[in-house]
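Asker: Questions regarding the structure given below will be posed in turn.
There are 2 protein chains.
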Amino acid sequence: MPLAQALDDLQTFLGERFSRSKPDLDAHAHSESYYAPAPPDGVAFPISTEEVSQIMKICAAHRVPVTGWGAGTSLEAQAQPICGGVVVDFTRMNRVLDIRGDDMDVTVQPGVTREALNTELRATGLFFPVDPGANASIGGMAMTRASGTTTVRYGTMRDNVLGFEAVLADGQVIRTGTRARKSSAGYDLTALLVGSEGTLALVTEITLRLHPIPESISAGICAFDDIGSATAAVMETIQMGLPMARIEFVCADSARAFNAYAGTDMPETPHLLVEFHGSPSGTAEVAQQFAEIVADHGSTGFEWSSHTEERNALWAIRHNAFYAILALKPKARAVVTDICVPISQLARAVEETRQDIHASGLMGPIVGHVGDGNFHAALLIDPDDAAQLATAKALSAAMAERALRLGGTCTGEHGVGLGKKAFMPAEHGGAWAVMGQVKKALDPHNLLNPGKLVSDDTY
Amino acid sequence: MPLAQALDDLQTFLGERFSRSKPDLDAHAHSESYYAPAPPDGVAFPISTEEVSQIMKICAAHRVPVTGWGAGTSLEAQAQPICGGVVVDFTRMNRVLDIRGDDMDVTVQPGVTREALNTELRATGLFFPVDPGANASIGGMAMTRASGTTTVRYGTMRDNVLGFEAVLADGQVIRTGTRARKSSAGYDLTALLVGSEGTLALVTEITLRLHPIPESISAGICAFDDIGSATAAVMETIQMGLPMARIEFVCADSARAFNAYAGTDMPETPHLLVEFHGSPSGTAEVAQQFAEIVADHGSTGFEWSSHTEERNALWAIRHNAFYAILALKPKARAVVTDICVPISQLARAVEETRQDIHASGLMGPIVGHVGDGNFHAALLIDPDDAAQLATAKALSAAMAERALRLGGTCTGEHGVGLGKKAFMPAEHGGAWAVMGQVKKALDPHNLLNPGKLVSDDTY
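Sequence order for the protein chains is A and B. Per the numbering used here, the very first residue in the first sequence carries number 18; after that it's consecutive. Per the numbering used here, the very first residue in the second sequence carries number 18; after that it's consecutive.
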């Protein structure tokens with residue numbers, strides 16, 4: 018039995034850092050999503066690149082699937098080993114290897130979380146800005162092409178990964194990229210690996226851009242009468258080129274959820290939450306310009322502050338939105354949608370989505386990184402109610418199809434995983450088969466996270 | 018004869034838009050570089066994607082090489098058809114197809130030049146910022162991953178291409194990317210094609226990000242006593258997070274060349290030329306901060322202006338630098354080097370390069386996009402003097418090797434072409450073979466710009 022032999026070889030090689038215990042298998046059978054669990058046959062906990070390479074060689078020799086695992090926070094089950102085999106859990110490869118303050122970059126192991134990284138950076142005056150909400154691992158964020166609230170200013174993982182060390186499907190270790198800020202030296206393998214969801218390689222080191230902590234950070238909030246006014250203000254803000262660090266939307270239902278969750282008394286209408294980074298006078302100027310824009314769209318009460326406590330209180334609204342929404346409905350789980358459209362289509366996409374959700378009978382508050390045209394509906398379902406899950410999936414599908422009709426994408430930042438694979442033909446057409454050709458060239462035996470991202474016709 | 022048959026078929030298909038005339042072949046035998054000419058066997062001038070697809074199908078049927086051609090401005094001879102075959106000249110596919118001001122994006126054909134694009138954008142309040150100096154075609158810029166003076170603020174072509182329509186090696190037409198500002202929907206084929214130098218596909222449409230023309234633009238210049246002071250000021254500026262739109266270095270020899278060329282009286286010492294984009298008060302504040310930084314590094318005379326005429330006079334120095342340098346030596350050609358290093362290594366890289374050049378006996382002024390750590394030496398040679406060419410190539414090789422030792426890249430923005438292929442193994446190690454695997458997967462018969470970018474061992 019090739020699988021049994023591979024598991025035995027891994028046990029011999031890793032000793033207690035290889036597990037076949039039911040708790041370990043169960044812990045790697047699902048991520049923070051509603052998909053049915055799919056346990057692996059074994060879990061490896063490597064502590065070095067050399068070990069990852071050797072694990073990959075053992076699995077390649079026996080044609081055993083290998084799926085990388087970061088913090089398990091993915092919403093589309095990217096790290097779920099749906100074909101079984103071995104999960105490589107990077108939790109113990111969580112060191113910050115080299116902070117180079119002068120160059121504003123850092124090299125980390127994949128298992129470090131973004132919060133742990135920023136804690137280590139605290140004394141440097143620099144920070145790593147990509148913030149998907151969850152305290153995800155940097156490896157997972159890179160593999161999902163994660164982004165989040167600060168993308169409008171600092172970009173996604175695509176823009177912030179300078180290079181990788183990676184283990185290929187045959188166990189070979191390569192390096193992509195350099196520490197130069199730009200290069201024209203051949204295919205951008207770094208960009209190819211970002212967002213590849215572990216289907217092309219296991220990344221073992223990641224070099225990231227860092228950014229100076231701004232001299233001044235101001236944040237503010239404003240309420241609107243309706244969605245259309247809020248999104249029109251967003252569009253004008255972006256088109257004016259205002260240097261926004263964050264511009265987040267929460268819908269009326271989200272405001273209601275937060276009031277219930279936190280005992281606050283926000284108006285239960287759509288809001289924008291914003292942040293400005295720069296010099297004290299620069300952020301004040303931008304805040305003033307933003308206040309004028311939102312006033313033109315009927316929001317008169319724009320309040321902002323550069324005090325840390327007030328900013329933190331404000332962002333607690335956004336950061337707790339998911340949990341506040343979940344608390345709307347006892348024992349609910351959420352099917353979280355994730356579309357991104359051209360900014361001119363944002364108002365229409367949000368409004369039509371809201372109407373669809375209201376018509377469905379489900380609760381589904383909408384929040385979004387609207388400066389990028391990206392928003393989510395958290396569709397609340399009873400996980401034991403198949404009809405509700407079917408309704409939520411139909412709503413999610415309608416959103417994805419709408420996004421594609423409007424020139425957008427079925428996933429702005431959560432990735433393909435299990436939930437978006439069905440939309441890949443419509444989004445990419447013939448280019449999806451090209452992805453399959455790339456996958457097959459780099460992983461001829463379909464060992465790396467099989468069943469994900471590319472078409473099942475690839476092999 | 019397969020080649021003869023392909024040429025006949027193309028003649029039949031394209032009529033007068035297919036040429037085998039000696040002037041046309043000669044015009045596509047070399048770009049703006051010192052490499053020996055290599056003419057194609059025929060030149061096609063398509064006017065539509067369908068024609069490009071059909072040209073590719075004809076060439077594929079007869080296994081004839083196909084090389085794309087934009088404006089012929091490449092410095093590393095990327096578009097030179099070194100294996101003969103057919104050049105696809107995109108000059109007549111030069112339309113701006115769709116300007117979407119609300120979304121701040123535009124779709125263009127590959128043959129439009131960046132200046133023509135910005136002329137068409139004039140009335141929109143938007144502009145396309147990537148500026149490599151030459152009036153290159155957008156297709157060529159995308160394929161070379163071009164950048165230039167504004168990259169420190171607006172990024173390279175990698176950051177500004179949202180998607181492509183492209184013709185694959187078998188003639189199939191695909192689309193990559195969407196008009197959404199970000200996506201996590203699978204492999205980033207757009208990023209894979211950017212910088213691929215025509216070896217993976219012929220791009221037939223390009224969708225680009227646009228940016229708002231800043232309310233205020235200020236530019237300034239300052240002189241330093243030595244290279245080290247200038248680069249130290251650059252490093253401090255970047256680390257402070259000052260929002261620079263341009264920060265360009267010219268060396269003492271460049272200043273001398275410009276004085277001789279334009280009759281000016283700049284101090285013949287190293288200079289920084291900078292530009293700030295923002296609100297009037299914002300740019301004034303940044304200018305003040307920058308003035309303080311450069312004063313700390315011994316430059317006391319920082320002058321800046323937001324008047325268009327004065328700005329244009331200032332940037333004439335930088336934009337004419339290449340021609341001013343060429344004029345230093347009658348009938349000279351230039352071997353233009355192009356390394357990019359981490360910013361902490363910039364002073365060392367520039368100073369050691371300068372010493373090498375002085376020791377060689379060649380003239381080789383240095384200019385650079387130093388905010389990115391990227392700089393060029395223009396090594397002046399008599400093209401008929403083999404010894405001078407050999408000296409220049411040795412200097413270029415020493416620079417590339419130094420860049421790699423310092424954690425940088427052998428080419429920041431000019432691309433691999435013929436000049437940098439020798440450094441690909443040292444820069445990429447095993448990852449170079451991965452590029453070959455990708456190439457072979459997408460172009461199994463090595464038809465697209467053969468002999469470039471990947472190893473000759475690929476096929």
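Glycine included, each C-beta is placed from N, C-alpha and C at the ideal position. Please read these numbers as outputs of a predicted model, since none were measured by experiment.
1) Hey, is B:A151's beta-carbon within less than 7 Å of any beta-carbon in chain A?
2) Please work out which residues of its chain come closer than 6 Å, Cβ to Cβ, to B:I310, disregarding the five sequence neighbours upstream and downstream, and give them in chain order.
3) CA-CA distance, A:R193 and A:N111?
4) Looking at the structure shown, is A:F392 part of a helix, part of a strand, or coil, going by DSSP?
5) Is the separation between the beta-carbon of B:A88 and that of B:T130 shorter than 7 Å?
6) Take A:V367 and list the residues in its own chain whose beta-carbon comes closer than 7 Å to its own, dropping the five residues that flank it on each side.
7) Name the DSSP bridge partner or partners of B:E265?
8) Which bits of chain A does B:S164 rub up against, with CB to CB less than 9 Å?
9) Among the residues of its own chain, which have a CB less than 8 Å from the CB of B:L406, if the five just before and after it don't count?
10) Is there a C-beta anywhere in chain A that falls below 7 Å from the one on B:M452?
11) DSSP three-state call for B:F307: helix, strand or coil?
12) Just by C-beta distance, which residues in the stretch 249-276 of chain B are closer than 8 Å to chain A?
13) For a test of the three-state rule: what should DSSP assign to A:G85, helix, strand or coil?
14) Does B:L92 come within less than 7 Å of chain A when only Cβ atoms are used?
15) Grab me the residues of B:H431's own chain with a C-beta within less than 6 Å of its C-beta, minus the 5 sequence neighbours each way, in chain order.
16) May I have the straight-line CA-CA distance separating A:P54 from A:I360, to the nearest angstrom?
17) Compare the C-alpha of A:T317 against each of A:A330, A:H288, A:I334 and name the closest.
18) Mind checking whether B:A183 and B:V147 have CB atoms under 7 Å apart?
19) Could you please give the first and the last residue of the uninterrupted alpha helix (DSSP H) stretch that includes B:H375?
20) What residue does the beta strand (DSSP E) around A:F181 start on, and which one ends it?
21) Can you find a C-beta in chain A that's less than 7 Å from the C-beta of B:A448?
22) Which residues of chain A have a Cβ atom closer than 7 Å to the Cβ of B:D205, listed in chain order?
23) Using only the alpha-carbon positions, how far apart do A:A274 and A:A344 sit?
24) Residues of the stretch 326-337 of chain B with a CB closer than 7 Å to any CB of chain A: list them in chain order, please.
25) Assuming A:R162 and A:G212 are in contact, meaning their beta carbons sit under 8 Å apart, how far apart are those beta carbons, in whole angstroms?
26) Do B:A415 and B:L396 have their CB atoms nearer than 7 Å?
27) One question on the structure: do A:A77 and A:V105 come within less than 7 Å of each other, judged by their Cβ atoms?
28) Which residue marks the beginning of the beta strand (DSSP E) containing B:G385, and which one marks its end?
29) So is A:D402 in contact with chain B if we call contact Cβ pairs under 7 Å?
30) Kindly indicate which residue of B:L210, B:D242, B:P82, B:W321 has the alpha-carbon position closest to the one of B:G234.
31) From B:S38 to B:A96, what distance separates their C-alpha atoms?
32) Using 8 Å for Cβ pairs, my map puts B:R198 next to A:D176. What's the rounded Cβ distance?
33) For A:S201, count neighbouring C-beta atoms within 10 Å of its own C-beta (all shown protein chains included) and say buried if the count is 16 or more, exposed if not.
34) Please list, in chain order, all residues of the same chain as A:F241 whose beta carbon is under 8 Å from its beta carbon, the five residues on each side excluded.
35) Please list, in chain order, the chain A residues whose beta carbon lies closer than 7 Å to that of B:H393.
36) Roughly how many whole angstroms lie between the Cα atoms of A:V190 and A:E418?
Answerer: Considering the structure as presented:
1) Cβ-Cβ to chain A under 7 Å: no for B:A151.
2) Cβ neighbours of B:I310 beyond the five flanking positions: A250, E253, T254.
3) It is Thr, not Arg, that sits at residue 193 of chain A in the sequence shown. Rounded to the nearest angstrom, the two C-alpha atoms are 20 Å apart.
4) In the displayed model, A:F392 falls within a strand according to three-state DSSP.
5) Taking 7 Å as the Cβ cut-off, B:A88 and B:T130 qualify as a contacting pair.
6) If you ignore the 5 residues before and after A:V367, its C-beta comes within less than 7 Å of the C-beta of I244, T248, I383, F392, all in its own chain and listed in chain order.
7) Bridge partners of B:E265: B:L290.
8) The answer, in chain order, is K199, S201.
9) Its chain contains Y51, V352, I398, P400 as the residues whose beta carbon lies nearer than 8 Å to that of B:L406, once the 5 sequence neighbours on both sides are disregarded; these appear in chain order.
10) So yes, B:M452 belongs to the interface.
11) In the structure shown, B:F307 sits in a helix (DSSP, three-state: H, G or I).
12) Listed in sequence order: M252, I255, Q256, M257, G258, P260.
13) Strand, per DSSP.
14) No - not a single Cβ of chain A is within 7 Å of the one on B:L92.
15) For B:H431, where only same-chain residues beyond five positions count, the Cβ hits under 6 Å are L92, E93, D355.
16) So the alpha carbons of these two residues sit roughly 36 Å apart.
17) Selected option, being the one with the closest Cα: A:H288.
18) Cβ atoms of B:A183 and B:V147: not closer than 7 Å.
19) That run of the alpha helix (DSSP H) goes 363-377.
20) Residues 178-184.
21) Closer than 7 Å to some Cβ of chain A, the Cβ of B:A448 qualifies, so yes.
22) What B:D205 touches in chain A: R175, A208, L209, V211, G212.
23) Taking the straight line from one Cα to the other gives about 8 Å.
24) Those would be none; no residue qualifies.
25) Right, the Cβ-Cβ distance comes to about 3 Å (below 8 Å), so this counts as a contact.
26) Contact: no.
27) No, they are not a contact pair.
28) From DSSP, the beta strand (DSSP E) with B:G385 extends over 383-386.
29) So no, A:D402 is outside the interface.
30) For the record, residue 234 of chain B in the displayed sequence is Ile; it is not Gly. Nearest to B:I234 by C-alpha distance, out of B:L210, B:D242, B:P82, B:W321, is B:W321.
31) Near 19 Å, if we compare the C-alpha coordinates of B:A96 and B:S38.
32) The pair is not a contact, with the Cβ atoms about 11 Å apart (cut-off 8 Å).
33) If you draw a 10 Å sphere on the C-beta of A:S201, you find 16 or more other C-beta atoms in it, and that means buried.
34) Cβ neighbours of A:F241 within its own chain (closer than 8 Å, five residues either side excluded): A247, A250, T286, P287, H288, L289, V311, H314, G315, S316.
35) Those within 7 Å of B:H393 in chain A number zero; the least Cβ separation is about 13 Å.
36) C-alpha separation (whole angstroms): 39 Å.
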